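Residue numbers (full-length UniProt numbering), protein chains in the order written: chain H, 1 to 325; chain Y, 1 to 260.
Every residue, glycine too, gets a C-beta built ideally from N, C-alpha and C.
These numbers come from a predicted model, not from an experiment.
Here it is as structure tokens:
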């Protein structure tokens, strides 16, 4: 469905030191530095997938999204999305996609949301019946009914984001690009947005490509992750694969009836110990968590057990460290 | 075209959300050119004519130019204020919609307050026509309409050119105001009062002369030679927009988005 092959993109960035003198100098003698934003990016995405496209700031996420959504022209490389090359058949291509930029609105600021929706209906030439049924569905699932008659400038960020996502789906796109859709949202709005993305993915088979810095977004949504850093693709795989590869430790915490017995299990290190609680870091390469628990249960009268994996946030930080990005 | 009017409707609604500001701006837009017109009027109190042109003839010139200018500022404002669109990154949004960038930028902004300026220039037009002895015929009416249309096209073309530069410079170029504001100020007088070089430049390169001067000769029965050529000369002014559109489309291909 989406085939990207060998994308390259570089930008010329003006170089200038701070200060007025430097600013004046740069008018007459501008210095440029070429920054390689993307280097040989290739991937294939099938219909119905939800892909998390992650990487630190400045890694090239937005550049990639902008190229495959038809905004930027790459220096070289191929890209075919439903048979269209975005930068060559822009108008045909964008009919198939919906784009949400978390930081930029696509609604008209001073008029009620519904007016924007009607305008989008004309821009995309959406047939009346399709428009109606989509609108009904979106109103119900995103809980928009109270918002549609409010001018956009009076909506809260969370409300606006729901309207934005609604706006990008009115024309039945087959692919949805979400560029940081949950940025700045509160917990409730985040949940609503995530649930909705899952729903349309399952019910309408919309392929979703998501960039985000919020790893819980990825955990809640994405089956597959593409990691890029400094313009290069570093990893492409499922979240489980990622975890298997990078989760090396789990923490086991056990509450038990008071005991002072000493215990050392091979492959674990004691993180904390009180009379009624022990917390162990388990090295998964040496010993299984279940074995640790069974050893503990032989020695203590266990009341409660908690097993914590390394949070995805931390895995990603490790990942960035490993790839030195 | 239908979409263009839909854009217009939504943006009109936006603009009247701020009613007081809208009314005050419109009144302001009435008085700015009005003062210019008063100065022309006073000029003719001192001198009976300007290189053989009477007050009413100059008023007609003035009116046609200003009607064209105010209409283009109202309806093609999107290009006039395009640099802001680039700076704010809003152009990205247009590119992910299945319509031409030309139509979308055109529909991105309307400056309805220019109705004040339009009203003032219409009054000048009526004033001039009432005082001029013109025997009206169909061809002259058509010529007058073409003149106004030609003005709109040329101003729009210039906005389009200066918007195109924004793809490289991000910020708009004040230099281009020489052509818009300068062109307007200059072409409110008949072109024949200027030097040869200026005349040629504004006839063949930026064809302001075709907006009022040349066809006006026809309306005032001053044309020599083929009258038909004078009558359709505004069409040449309209053609000016075609290379501007090509330049625009070339610029879009060089768009470098900003920010993330």
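Within the segment 112 to 150 of chain Y, the runs of alpha helix (DSSP H) that reach at least 4 residues and sit entirely inside it are, in chain order, 115 to 131.
Here residue 108 (chain H) is buried, its C-beta having at least 16 other C-beta atoms within 10 Å. Beta-bridge pairing by DSSP links residue 280 (chain H) to H:252, H:270.
Listed by position along chain Y, the residues whose Cβ is nearer than 7 Å to that of residue 95 (chain H) are 98. With fewer than 16 neighbouring CB atoms inside 10 Å of its own CB, residue 75 (chain H) falls in the exposed class.
When secondary structure is reduced to three states using DSSP, residue 149 (chain H) falls in the coil class, being assigned neither helix nor strand.
At a cut-off of 8 Å, the C-beta of residue 70 (chain H) has a neighbouring C-beta in chain Y. By the CB criterion at 8 Å, residue 254 (chain H) and residue 277 (chain H) fall inside the cutoff. Boundaries of the alpha helix (DSSP H) around residue 313 (chain H): 312 to 322. DSSP, read as helix, strand or coil, puts residue 245 (chain H) in helix. Counting along the chain, residue 224 (chain H) sits inside the beta strand (DSSP E) bounded by residues 224 to 229. Of all residues in the segment 13 to 42 of chain Y, only 13, 14, 15, 17, 18 place a beta-carbon less than 9 Å from a beta-carbon of chain H. For residue 7 (chain H), the enclosing beta strand (DSSP E) stretches over residues 2 to 15. Counting the other Cβ atoms within 10 Å of the Cβ of residue 176 (chain H) gives 16 or more, which makes it buried. Rounded to whole angstroms, the gap between the alpha carbons of residue 106 (chain Y) and residue 134 (chain Y) is 37 Å. Rounded to whole angstroms, residue 37 (chain H) and residue 124 (chain H) show a C-alpha spacing of 32 Å.
Of all alpha-carbon atoms in Y:155, Y:81, Y:30, the one lying nearest the alpha-carbon of residue 209 (chain Y) is that of Y:155. Between residue 284 (chain H) and residue 268 (chain H), the C-beta spacing is not below 8 Å. Relative to the Cα of residue 245 (chain H), the nearest Cα in the group H:6, H:315, H:71 belongs to H:315. About 13 Å separates the beta carbons of residue 195 (chain H) and residue 50 (chain H), which is beyond the 8 Å limit, so they are not a contact pair. By the Cβ neighbour-count rule, residue 237 (chain H) is exposed, with fewer than 16 other Cβ atoms within 10 Å of its own. The C-beta separation of residue 161 (chain Y) from residue 247 (chain Y) comes to about 6 Å, placing the pair in contact by the 8 Å criterion.
Shown here for residue 250 (chain Y): same chain residues with a beta carbon closer than 8 Å to its own, the five before and five after excluded, namely 164 in chain order. Per DSSP, reduced to three states, the secondary structure at residue 6 (chain Y) is helical. Chain Y has a Cβ within less than 8 Å of the Cβ of residue 115 (chain H). Of all alpha-carbon atoms in Y:4, Y:57, Y:203, Y:110, the one lying nearest the alpha-carbon of residue 240 (chain Y) is that of Y:203. Among the residues of chain H, those whose CB is under 7 Å from the CB of residue 89 (chain Y) are 104, following chain order. In the three-state DSSP reduction, residue 107 (chain Y) falls in the coil class, being neither helix nor strand. For chain Y, the residues of the segment 120 to 140 of chain H that bring a beta carbon within less than 7 Å of one of its beta carbons are 122, 123, 124, in chain order. Per the DSSP secondary-structure output, residue 32 (chain H) pairs in a beta bridge with H:14. Residue burial is scored here from C-beta neighbours: residue 168 (chain Y) has fewer than 16 other C-beta atoms within 10 angstroms and is therefore classed as exposed. Listed by position along chain Y, the residues whose Cβ is nearer than 7 Å to that of residue 110 (chain H) are 14, 17.
CA-CA distance, residue 241 (chain H) to residue 55 (chain H), rounds to 17 Å. For residue 309 (chain H), the pairing in a beta bridge is given by DSSP as H:250.
A Cβ-Cβ distance of about 6 Å is found for the pair residue 207 (chain H) and residue 47 (chain H), placing them in contact under the 8 Å criterion.
In chain order, 252, 265, 268, 280, 282 place their CB closer than 7 Å to the CB of residue 292 (chain H), counting only its own chain and leaving out the 5 sequence neighbours on each side.
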